[in-house]
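First comes the structure, then the notes that go with it.
Next comes the structure, spelled out in structure tokens:
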């Protein structure tokens, strides 16, 4: 997934979310707690949840290929 801004309030990008998932975050709720993703204005919640799901799938595919 191409890097882009997901949450402007906390300057959270796709790459930052992916790294957090690789570092052990289990999903959106973990990112809310650790990064405050979507908690200030809440405008990004829908997009953020989609990004997290897509990144989880991407990471799983990379693991299956042995590239992570």
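Residue numbers (the working numbering): 676 to 743.
The beta carbon of each residue, even a glycine, is placed where N, CA and C say it ideally should be.
From a predicted model like this one, the values you see are computed outputs, not experimental measurements.
Check	Outcome
Using the beta-carbon count (16 or more within 10 Å), is residue 681 buried or exposed?	buried
Nearest to residue 742 by alpha carbon, out of 697, 706 and 719?	697
By the 10 Å Cβ neighbour count, where 16 or more other Cβ atoms means buried, how is residue 706 classified, buried or exposed?	buried
Using a Cβ-Cβ cutoff of less than 7 Å, which residues in the same chain neighbour residue 727 once the five nearest sequence positions on both sides are dropped?	692, 702, 703 and 706
With DSSP as the reference, label residue 681 as helix, strand or coil.	strand
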